[in-house]
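Undergrad: Please see the structure below; I have some questions.
Number of protein chains: 4
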Amino acid sequence: MKVIADFTIVPVGAGVSLSPYVAACEQILLGAGLKVQLHANGTNLEGDWDAVFAAVKRCHETVHQMGAPRIFTTLKIGTRTDRDQSMEAKIASVENKLEHGSRIEE
Amino acid sequence: MKVIADFTIVPVGAGVSLSPYVAACEQILLGAGLKVQLHANGTNLEGDWDAVFAAVKRCHETVHQMGAPRIFTTLKIGTRTDRDQSMEAKIASVENKLEHGSRIEE
Amino acid sequence: MKVIADFTIVPVGAGVSLSPYVAACEQILLGAGLKVQLHANGTNLEGDWDAVFAAVKRCHETVHQMGAPRIFTTLKIGTRTDRDQSMEAKIASVENKLEHGSRIEE
Amino acid sequence: MKVIADFTIVPVGAGVSLSPYVAACEQILLGAGLKVQLHANGTNLEGDWDAVFAAVKRCHETVHQMGAPRIFTTLKIGTRTDRDQSMEAKIASVENKLEHGSRIEE
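Going down the list, the sequences are from chains A, B, C and D.
This note's numbering numbers the first residue of the first sequence as 108 and each following residue consecutively.
This note's numbering numbers the first residue of the second sequence as 108 and each following residue consecutively.
This note's numbering numbers the first residue of the third sequence as 108 and each following residue consecutively.
This note's numbering numbers the first residue of the fourth sequence as 108 and each following residue consecutively.
See below:
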């Protein structure tokens with residue numbers, strides 16, 4: 108089962124700068140063979156369900172090892188059986204409608 | 108690694124009533140040996156990481172089998188290494204501070 | 108427009124214990140005339156859109172005043188136009204289906 | 108108070124294709140003077156708290172007017188008082204650590 112996910116990891120009790128922890132996770136996610144897109148509020152992932160969740164677990168284990176006593180993660184997970192859709196196709200589907208003017212009538 | 112999670116599953120393209128799908132998930136979660144607390148915006152779960160995520164995967168598979176072509180799930184996931192804490196203890200920790208009056212000074 | 112929401116506030120850079128901040132928010136939410144249900148991973152809210160979001164903003168302002176330099180909040184927000192539904196009715200709708208046995212056929 | 112947010116709107120009971128609704132929201136967000144970055148699992152927003160939440164409310168109103176009887180929205184909201192930070196700076200902060208090699212020691 109393929110999944111497109113959005114993953115945000117927030118270490119708690121580890122100071123105000125979170126980027127060292129997020130960078131360590133990016134390396135794990137990239138090394139896991141997933142499609143990975145860092146954005147301003149998290150990281151988008153595309154891959155097989157088991158591969159995605161194994162990588163997320165490894166991020167938690169690693170961020171704890173780096174010294175964070177507590178972690179708060181948010182995941183958005185999308186699966187579909189009607190058709191295969193990539194992350195790029197999701198974005199293109201919206202942008203196409205913007206260009207071709209599905210204007211809001213008021 | 109123990110996890111306390113909040114799980115909200117939203118079938119898309121399956122009509123406006125979601126409770127049959129949520130009820131099917133509850134049965135899966137209860138059958139998985141997790142601590143399960145249904146609330147107004149999702150279900151709180153407490154258990155081992157692998158058991159929690161195996162149950163969430165089984166919910167996606169089942170809701171697709173029930174006819175939903177698309178699923179949007181939100182998960183909040185908490186882990187901690189400083190101490191063991193149950194869902195009840197998390198709530199009690201907040202309620203205790205309310206009763207003993209950590210008033211907001213303004 | 109009525110909203111049923113799930114609100115989780117996570118102060119960052121303010122130590123590992125979050126309950127004093129959450130308790131301060133509970134007092135704000137209760138004082139705002141909203142229906143408030145604390146649970147293990149957040150707080151469920153029911154009320155008018157503007158009242159809910161004014162209270163959430165006040166929580167951010169207060170938690171910063173209490174000393175948290177950074178806040179990460181997660182909100183789940185539900186609105187519907189087909190019918191009026193309370194938080195209690197959402198839970199009852201699922202529990203009713205569990206009792207009457209919408210068994211998963213496999 | 109400035110906010111950096113991630114906004115995902117999921118119309119329920121309105122069929123399996125969500126892009127027309129998301130495109131309508133993008134037009135609202137762009138028209139509201141916010142910094143807007145569409146990604147594969149939502150839209151990142153940067154702006155004043157009140158402007159961001161007024162636009163989110165207008166999205167709910169519009170998607171209901173377009174025919175969706177029910178909406179499920181997820182928001183991640185970040186505020187900070189220690190320093191001003193843009194969405195681009197958040198991403199650069201992580202990417203800089205990747206390039207300069209904060210390797211995970213195991």
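Glycine is no exception: its CB is placed at the ideal position from the N, C-alpha and C atoms.
The model shown is predicted, which means the values in this text are computed figures rather than measured ones.
#1: Just to confirm the assignment, what range does the alpha helix (DSSP H) spanning C:Gln-144 have?
#2: Which whole-angstrom value is the C-beta distance of D:Met-194 and D:Tyr-128, which I expect to be below 8 Å?
#3: Taking Cβ-Cβ distances below 7 Å as the criterion, which residues of the stretch 123–152 of chain B are in contact with chain C?
#4: Taking the CB atoms as reference points, tell me whether C:Lys-109 and B:Ala-130 lie closer together than 8 Å.
#5: Measure the alpha-carbon distance for A:Val-117 versus A:Thr-180 and round it to whole angstroms.
#6: According to DSSP, is B:Arg-165 helix, strand or coil?
#7: Considering only the alpha carbon of each residue, which of A:Arg-187, A:Arg-190, A:Cys-166 and A:Arg-177 lies closest to A:Ala-139?
#8: Just checking: is the beta-carbon of A:Met-108 within a distance shorter than 8 Å of some beta-carbon in chain D?
#9: When Cβ atoms are compared, which residues of the stretch 184–204 of chain C fall closer than 8 Å to chain D?
#10: Along the chain, where does the beta strand (DSSP E) containing A:Ala-199 start, and where does it finish?
#11: Going by C-alpha distance, which of D:Glu-202, D:Thr-188 and D:Glu-153 is nearest D:Asp-113?
#12: Counting only Cβ pairs nearer than 8 Å, list the residues of chain C close to B:Thr-181.
#13: Taking the Cβ atom as the reference point for each residue, do C:Arg-177 and C:Gly-120 lie within a distance shorter than 8 Å?
#14: Compare the C-beta of C:Ile-80 with all C-beta atoms of chain B and state if any pair is closer than 8 Å.
#15: How is the beta strand (DSSP E) around C:Pro-118 delimited, first residue to last?
#16: Using CA atoms only, rank isn't needed, just tell me which of D:Gln-144, D:Arg-190, D:Thr-188 and D:Ala-175 is closest to C:Asp-189.
#17: Within 8 Å of any Cβ in chain D, is that where the Cβ of B:Val-159 sits?
#18: Consult DSSP for B:Ser-124 and reduce its assignment to one of helix, strand or coil.
#19: Quick check on the burial criterion: 16 or more other C-beta atoms within 10 angstroms. Buried or exposed for B:Ala-196?
#20: How long is the line joining the alpha carbons of A:Asp-191 and A:Gly-185, rounded to whole angstroms?
#21: Does the beta-carbon of B:Glu-206 have 16 or more other beta-carbons within 10 angstroms, so that it is buried, or is it exposed?
#22: For B:Ser-124 and C:Val-159, I'd like the C-alpha separation in whole angstroms.
#23: Tell me, please, whether the CB atom of B:Gly-174 is closer than 8 Å to any CB atom in chain D?
#24: Grouping DSSP H, G and I as helix and E and B as strand, with all else coil, what is A:Asp-228?
#25: Using a Cβ-Cβ cut-off of 7 Å (strictly less than) and excluding sequence neighbours within five positions of D:Leu-137, which residues of its own chain qualify?
#26: Could you spell out where the beta strand (DSSP E) holding C:Gly-185 opens and where it closes?
#27: Which one of D:Thr-115, D:Lys-164 and D:Val-201 has the shortest CA to CA distance from D:Leu-145?
#28: Which residues share a DSSP beta bridge with B:Leu-152?
#29: For the candidate residues A:Ala-161, A:Ile-111 and A:Lys-183, whose alpha-carbon lies nearest to that of A:Cys-132?
#30: Under 7 Å Cβ-Cβ, which residues of chain B neighbour D:Val-117?
#31: Compare the C-alpha of B:Asp-155 against each of B:Ser-200, B:Ile-111, B:Val-201 and B:Asn-148 and name the closest.
#32: Report the three-state DSSP secondary structure of D:Gly-138 (helix, strand or coil).
#33: Determine the contact status of C:Ala-147 and B:Asn-148, defining contact as a CB-CB distance below 8 Å.
#34: Within the same chain, show all residues whose beta-carbon is closer than 8 Å to that of D:Glu-202, passing over the 5 residues directly before and after it, in chain order.
TA: This is what the structure holds:
#1: No alpha helix (DSSP H) contains C:Gln-144, which is instead part of the beta strand (DSSP E) from 142–146.
#2: So it is not a contact: roughly 23 Å between Cβ atoms.
#3: Going along the stretch 123–152 of chain B in chain order, one finds Val-123, Ser-126, Pro-127, Val-129, Ala-130, Ala-131, Glu-133, Gln-134, Gln-144, Leu-145, His-146, Ala-147, Asn-148, Gly-149 and Asn-151 with a Cβ nearer than 7 Å to chain C.
#4: no
#5: 6 Å
#6: helix
#7: A:Cys-166
#8: no
#9: Ile-184, Gly-185, Thr-186, Arg-187, Thr-188 and Asp-189
#10: Here A:Ala-199 belongs to no beta strand (DSSP E); instead the alpha helix (DSSP H) covers 194–206.
#11: D:Glu-153
#12: Lys-183
#13: The Cβ-Cβ distance between C:Arg-177 and C:Gly-120 falls below 8 Å.
#14: With chain C running from 108 to 213 in the structure shown, residue 80 of chain C is simply not present.
#15: 109–119
#16: D:Ala-175
#17: False, the Cβ-Cβ gap to chain D never drops below 8 Å.
#18: coil
#19: exposed
#20: 12 Å
#21: exposed
#22: 24 Å
#23: With 8 Å as the cut-off, B:Gly-174 does not count as an interface residue toward chain D.
#24: Missing from the structure shown is residue 228 of chain A; chain A here goes from 108 to 213 and no further.
#25: Val-143
#26: C:Gly-185 -> beta strand (DSSP E) spans 177–187.
#27: D:Thr-115
#28: B:Ala-112 and B:Val-143
#29: A:Ala-161
#30: Neighbours of D:Val-117 on chain B, chain order: Val-117, Val-119 and Phe-179.
#31: B:Ile-111
#32: helix
#33: no
#34: Contacts found: none.
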